[in-house]
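Here the protein sequences come in this chain order: U and F. For the first sequence, my numbering assigns the number 1 to the initial residue and increments by one for each residue that follows. For the second sequence, my numbering assigns the number 1 to the initial residue and increments by one for each residue that follows. Here a beta-carbon is modelled for each residue, glycine too, at the ideal position from N, C-alpha and C. Notes to accompany the following structure.
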Amino acid sequence: MAQWTERRPSEEFYRVLDPDGKPVNDVPDVDESTLRRMYRTMVESRLFDEKTLAMQRRGEVSIIARTTGEEAVSCGSAAALEAGDWCFPSYRQTPAALYWGADKARAVAALMGTEPETIDEHLPLEGEPEVNFTPVYVPLAVNVTNAVGTAMTDRFRGTDGVSLSYIGDGSTSQGDFHEALNFAGVFEAPAVTVCQNNQWAISVPSHRQTAAETIAQKAEAHGVPHERVDGNDVLAVYEASREAVDRARRGEGPSFIEAVTYRMVEHNTADEESVYRNETEEEYWEDKDPIDRFEAYLLSEGVLAVDDLEEIREEIREEIQEAVDRAREVPVSDPEEMFEHHLHESTWKRDHQRAELQAERRGENPFTDFTGEGLQ
Amino acid sequence: MSSQVDATADEATEEMNVVTAVKETLRQEMHRDEHVRLLGYDIGPIGGVFRATEGLLEEFGEERVVDTPLSENGILGTAVGMAMRGDRVVPEIQFTGFFYPAFGQFMYTLVKMYERSGGNLEVPMTVRMPYSGGIKSSEYHSESTETYLVHTPGCRVVVPSTPYETKGLLAASIRNDDPVFFLEPKKIYRGSTEPVPDEEYTLPLDEARYVRRGEDITVYCWGAMVRHAETAADNVDADVEIVDLRTLSPLDVETILESVKKTGRAVVLHEARRTLGLGAEISALINEYALDHLHAPIKRATGYDVHFPGHQIEDDYLPDAQRAQYAIEAVMEYEF
């Protein structure tokens, strides 16, 4: 069986905690409640993955892409944002949304294929989220360009918002990545771009994406300050992101962060990773689990006690179950909702085609209009 | 000349061409709404390669007239972000033929954001693109690419045919909450003028315009083709009705059907390639909803299914009054 040759990424990066959770650098000044919130968010994301994977296996959701093993990246970076900022997630940033209190029921409903209108109607938001989250982007790297756009507006208006967007290592091969960073540099936009380098774009390894020594250095050509951090160390990600966000907010322009992590699981539930990568690689990364590392640190600091760990997990499991129950109560979307939110006004064709669909659903022939005046 | 101009004859007007109408409308809208922001390359000190933004940088400053790097996808992608923040962005793509690199942002975010967010995120934007051929500006600068846009839900496509129409349609586009592609026919940028009211006004973005009424045959056209239809109508022995579609998406299907049900004959005149050009859609609509009114098959007088040719022979590619006349005569002479 043909597999890619294993290459381990360089560990020349900024790190606060080693894989055993021992500080190897100055520990950033983070209050205990924030530390606990970060820990809880990472565990919540991991358990959310477990739950939705089980739902996928039962056929309740069609496909999921787990964040397992990569929780520290979007948790640590989103924690550096403030109310009013903008966040542009791709599809493996569950912790960013959870950190800011995303409604898990809405997330589950979306995985179940529910139309956004149906979700809004049946799971209304209780108040606006503090950070503006866009819908999860599925096409790669296009979110970075949009985020630079929102940041340019802040720059032009003289307001102090920051826009944060996420991509993977594969996305840095896309034109949008370079176009976006180029605009960010030219306009000194308050945009922070985080590359969650998990070493794999489905089956293609990071070293096939680029001949550059690091992904971080790609920002150099665009005049964008960059940093490479240990992406399995939530404190390192947090500190680098906080510096980048603060700089952006002060009007000092964009930053790019490469967070080196590892996709510990399949790309998504339609993938079979054992075909293209080997077990020794997976074993190497198992020891670097970001939750284990942070947990060890928090225990050693006395921020958490051993007894807390299972209690936190039990509490989260209950929350997730409650969210799943709420999502399951959302009725299946009305097929006519496919016609919603294309243009702000109705059109002849929309009305006509909607009437055709209605007829078809009534078991009637939809092709009976030969005058343009409506179905006969 | 359009009937609307007669209706405003008592008001203060200024004689101007299409490109001046674009510029004056941009200026008016930028004064009216501080959220209007222009974006594009060469739109600053030089005022655009066609001078459609001339003087606006000096008047509004570099935060509102933003000269950008040479990247259509970057322009469209950042414009989407700005629009999400409530800016009314008016990006310029220098030529329709330069739009292809922006297709990713167009398909993935511009036309999808409103729908994907369940209506929570709006992307009000007017993408201006100098459009179509006829000025000997070479192959990549002359294309008519509306089919790609019209095939895509979630945006409007507008083409003006006179200076008066330009002002009313552009103002309406900028004030509209949907993404609008505003295609400016380069051939009629300059050359002819008409009185344009100084006052603000808008024109509907989903209604075709009767350029002239007739009983025998309908010519559907837009942009630079309208004047060719008028010349052809003057030269044929038939009472020709001319419909300027103005908005290619959404199509004014009611007017399309109303006209052909009266005349029973139809010609579609457009610069784009024939296959899956808008003529195909118009012909199909008439076939589906007005077949028993037809006295003859529908003909499409269009560009050929080739790449836009070099400028020595572009006039052989482009439909003109003569080609329109041939089509009208052939359809008039046909008997079932």
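Nearest candidate by alpha-carbon position, reference residue i, set the options
i, options, result
"Arg263 of chain U", "U:Gly231, U:Gly251, U:Ile257, U:Glu239", "U:Gly231"
"Ser142 of chain F", "F:Leu170, F:Val90, F:Val306", "F:Val306"
"Ala189 of chain U", "U:Gly158, U:Asn278, U:Glu272", "U:Gly158"
"Trp4 of chain U", "U:Ile257, U:Lys288, U:Val303, U:Ala201", "U:Ala201"
"Thr109 of chain F", "F:Asn73, F:Thr96, F:Lys136, F:Arg128", "F:Asn73"
"Thr152 of chain F", "F:Glu62, F:Gly97, F:Val180", "F:Val180"
"Glu333 of chain F", "F:Ile217, F:Thr202, F:Arg156", "F:Ile217"
"His342 of chain U", "F:Leu276, F:Leu56, F:Ser249", "F:Ser249"
"Leu192 of chain F", "F:Ala301, F:Asn17, F:Ala12", "Rather than Leu, the amino acid found at residue 192 of chain F in this sequence is Ser. Of the candidates F:Ala301, F:Asn17, F:Ala12, the one whose C-alpha sits nearest the C-alpha of Ser192 of chain F is F:Asn17."
"Val144 of chain U", "U:Glu115, U:Thr134, U:Gly175, U:Ala180", "U:Ala180"
"Leu299 of chain U", "U:Asp369, U:Pro23, U:Gln358, U:His178", "U:Pro23"
"Val43 of chain U", "U:Ala323, U:Asp325, U:Thr368, U:Arg317", "U:Arg317"
"Arg247 of chain U", "U:Arg7, U:Ser163, U:Asp169, U:Leu375", "U:Ser163"
"His270 of chain F", "F:Glu329, F:Val243, F:Phe106", "F:Val243"
Straight-line Cα distance separating residue j from residue i
i, j, result
"Pro254 of chain U", "Gly76 of chain U", "18 Å"
"Ile93 of chain F", "Arg265 of chain F", "37 Å"
"Pro91 of chain F", "Ser90 of chain U", "26 Å"
"Ser3 of chain F", "Arg212 of chain F", "Low per-residue confidence applies at Ser3 of chain F: pLDDT is 44, beneath 50, and the placement is therefore not dependable, though the value from the model is reported in the following sentence. One C-alpha to the other measures close to 9 Å."
"Ala151 of chain U", "Met82 of chain F", "8 Å"
"Leu257 of chain F", "Ser203 of chain U", "53 Å"
"Glu12 of chain U", "Asn268 of chain U", "29 Å"
"Val306 of chain U", "Tyr297 of chain U", "12 Å"
"Ile313 of chain F", "His228 of chain F", "18 Å"
"Met1 of chain F", "Val196 of chain F", "Unreliable positioning characterises Met1 of chain F in this predicted model, as indicated by a pLDDT of 38, which lies under 50. A coordinate reading is not provided."
"Lys23 of chain F", "His344 of chain U", "27 Å"
"Val226 of chain F", "Pro225 of chain U", "53 Å"
"Glu82 of chain U", "Arg32 of chain F", "33 Å"
"Glu50 of chain U", "Val30 of chain U", "29 Å"
Contact list for residue i against chain U, beta-carbon separation under 7 Å
i, result
"Glu254 of chain F", "Trp348"
"Asp87 of chain F", "Thr153"
Where residue i meets chain U, residues with beta-carbon distance less than 8 Å
i, result
"Arg116 of chain F", "Pro116, Pro135"
"Met349 of chain F", "Limits of chain F in this structure are 1 at one end and 336 at the other, which puts residue 349 of chain F out of reach."
Host alpha helix (DSSP H) of residue i (start-end)
i, result
"Ala145 of chain F", "Here residue 145 of chain F turns out to be Thr, not Ala, going by the sequence shown. Where Thr145 of chain F is concerned, there is no enclosing alpha helix (DSSP H), given that its DSSP letter is neither H nor E."
"Tyr326 of chain F", "321–333"
"Tyr100 of chain F", "Note, Tyr100 of chain F: premise wrong, no alpha helix (DSSP H); not H, not E."
"Lys299 of chain F", "Taken as a continuous stretch (DSSP letters only), Lys299 of chain F belongs to no alpha helix (DSSP H), being part of the beta strand (DSSP E) at 299–303."
"Ile377 of chain U", "Not covered by the structure: residue 377 of chain U. The range shown for chain U is 1 to 376."
"His352 of chain U", "348–361"
Neighbouring residues, chain F, relative to residue i (Cβ below 7 Å)
i, result
"Ala147 of chain U", "Gly81"
"His344 of chain U", "Asp177, Asp178"
"Gly175 of chain U", "Asn73"
"His341 of chain U", "Tyr114, Glu115, Gly118, Gly119"
"Thr172 of chain U", "Here the premise fails: no neighbours, minimum Cβ distance about 15 Å."
Status (buried if at least 16 other CB within 10 Å, exposed otherwise) for residue i
i, result
"Tyr284 of chain U", "exposed"
"Ala327 of chain F", "buried"
"Ser173 of chain F", "buried"
"Lys288 of chain U", "buried"
"Pro45 of chain F", "exposed"
"Val237 of chain U", "buried"
"Thr68 of chain U", "buried"
"Leu98 of chain U", "buried"
"Gln322 of chain F", "exposed"
"Ser62 of chain U", "exposed"
"Leu125 of chain U", "exposed"
"Asp154 of chain U", "buried"
Interface partners of residue i on chain F, CB under 8 Å
i, result
"Ile119 of chain U", "Gly118"
"Asn182 of chain U", "Pro69, Ser71, Gly74"
"Val194 of chain U", "Near Val194 of chain U there are no residues of chain F at all, since even the closest Cβ is about 17 Å away, more than 8 Å."
"Thr94 of chain U", "In chain order: nothing, as chain F lies at least about 18 Å away."
"Val142 of chain U", "Gly77, Gly104, Gln105, Tyr108, Thr109"
Bounding residues of the beta strand (DSSP E) (the contiguous stretch that carries residue i)
i, result
"Glu340 of chain U", "No beta strand (DSSP E) holds Glu340 of chain U; DSSP gives it neither H nor E."
"Ala272 of chain F", "266–273"
"Ser161 of chain F", "Per DSSP, Ser161 of chain F belongs to no beta strand (DSSP E) and is neither H nor E."
"Thr247 of chain F", "247–249"
"Pro197 of chain F", "194–197"
"Arg128 of chain F", "125–131"
"Thr152 of chain F", "Here Thr152 of chain F belongs to no beta strand (DSSP E), and DSSP marks it neither H nor E."
"Gln196 of chain U", "191–197"
"Val108 of chain U", "Where Val108 of chain U is concerned, there is no enclosing beta strand (DSSP E), although the alpha helix (DSSP H) it sits in stretches over 104–111."
"Thr218 of chain F", "217–221"
Proximal chain F residues relative to residue i, where beta-carbon distance stays under 9 Å
i, result
"Glu188 of chain U", "Those do not exist, as Glu188 of chain U stays about 12 Å from chain F at its closest Cβ, beyond 9 Å."
"Asp369 of chain U", "Glu288, Tyr289"
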